[in-house]
Amino acid sequence: MREVKRLLSNRLLMVADLAVPCEKVFDIGTDHCYLPIYLIQKGICKTAVATDIKEGPVRIAKRNVRLFGMEKHIDVFVADGISHVEEGCCVIIAGMGADVIVDILKKDMDSAKSCEWLILQCQSKTERLRAFLWDNGFAIEEEALINDRDKIYNAFRASYTGINRPYTETDTIASEILAKRHHPLLPGYVSGYIKKLDDMIAGYREAGRDFTEEIKLKRALEELL
Ligand SMILES: C[S@@+](CC[C@H](N)C(=O)[O-])C[C@H]1O[C@@H](n2cnc3c(N)ncnc32)[C@H](O)[C@@H]1O
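Going by my numbering, the letters in the sequence shown line up with residues 656 to 880, in that order.
Next up, the structure:
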């Protein structure tokens with residue numbers, strides 16, 4: 656069997672590690688389709704539906720499905736978001752900005768709520784995605800962090816519980832799950848966030864804008880280190 660693993664980035668391997676074994680996975684924004692091919696090769700799922708909003712990635716995904724002999728296991732087609740997912744299914748949305756992921760979920764909340772699990776991995780503004788999930792009755796059950804080519808990426812597995820969780824701004828930035836486990840990458844991730852706040856504060860100071868909230872957040876984050 657031709658192995659796809661060597662083509663997966665550390666980020667995508669982290670996403671795959673969060674998957675709980677299941678019959679069928681829906682990979683939204685699949686691009687090259689490496690992730691579903693890997694999940695099937697590893698026996699984590701039996702079949703997959705891989706979709707993308709653009710024709711180009713779907714063409715590449717179909718070519719890879721043929722290359723890895725997965726035609727009987729993976730369905731590939733063009734689709735926007737999660738409107739096509741089946742009730743009780745397992746969904747992965749990875750490699751997009753938090754705002755795009757939030758928009759996809761917002762557009763089809765019933766589908767999102769019906770998922771057995773959702774694995775979400777965003778490239779930026781993870782705090783917005785966490786806040787959206789907690790404000791809308793989703794619970795984050797598992798989290799991961801990985802260093803991939805000098806950038807730290809988050810990913811989490813969530814599902815709908817109907818209970819809105821109260822949270823602080825700090826909770827949306829530094830994962831409690833990973834803090835409890837003393838994840839070795841978490842201090843670096845938090846320090847990176849503090850550095851961004853410092854740059855923001857410097858910009859606000861120069862522009863004569865108020866930065867009290869940013870200072871408060873910075874102090875709260877520093878306490879976690
Ligand atoms: C950077 S790629 C990520 C590919 C892969 N999921 C990964 O994590 O490496 C993002 C993909 O999402 C697709 N995409 C963006 N918005 C989408 C939407 N609303 N529905 C489906 N696919 C979308 C893009 O066309 C692109 O192929």
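Glycine included, every Cβ here is placed at the ideal spot set by N, Cα and C.
Given the structure is predicted, the values throughout are model-derived calculations rather than measurements.
request  = Examine the Cβ distances between the stretch 720–732 and the stretch 751–759 and report whether three or more of them are shorter than 8 Å.
outcome  = no
inquiry  = Looking at the strands, I want to know which residues DSSP matches up with residue 773.
reply    = Numbered from its first residue, the sequence shown carries residue 773 at position 118. Partner(s): 746 and 813.
ask   = Can you tell me whether residue 858 is buried or exposed, with buried defined as 16 or more other CB within 10 angstroms of its CB?
value = As a first step, residue 858 is located in the sequence shown; it is residue number 203 there, counting from the start. With fewer than 16 Cβ atoms within 10 Å of its Cβ, residue 858 is classed as exposed.
ask   = Tell me, which residues are paired with residue 683 by DSSP?
value = Reading the sequence shown from its first residue, position 28 is the one you call residue 683. Paired residue(s): 706 and 748.
inquiry  = Comparing C-alpha positions only, which one of 844, 823, 847 and 842 sits nearest to residue 868?
reply    = To locate residue 868, count along the sequence shown from 1; it is residue 213. It is 823 whose Cα lies nearest to the Cα of residue 868.
message = For residue 662, count the other beta carbons within 10 Å of its own beta carbon; 16 or more makes it buried, fewer makes it exposed. Which is it?
response = Taking the first residue of the sequence shown as position 1, residue 662 is located at position 7. When all chains shown are included, residue 662 counts as exposed.
task = Could you work out which residue in 677, 668, 709 and 698 is closest to residue 690 when comparing CA atoms only?
result = Taking the first residue of the sequence shown as position 1, residue 690 is located at position 35. The shortest Cα separation from residue 690 among 677, 668, 709 and 698 belongs to 668.
query = Where DSSP assigns a beta bridge to residue 733, which residues make up the other side?
reply = As a first step, residue 733 must be located in the sequence shown, where it is residue number 78. Looking at the DSSP assignment, residue 733 forms a beta bridge with 707.
ask   = Span of the beta strand (DSSP E) holding residue 803?
value = One-based indexing of the sequence shown puts residue 803 at position 148. 793–803 is the extent of the beta strand (DSSP E) around residue 803.
Inter-residue CB distance, residue 703 and residue 695 (contact presumed, cutoff 8 Å) = As a working note, residue 703 is residue 48 in the sequence shown. As a working note, residue 695 is residue 40 in the sequence shown. With 8 Å as the limit, residue 703 and residue 695 qualify as a contact, their Cβ atoms being about 6 Å apart.
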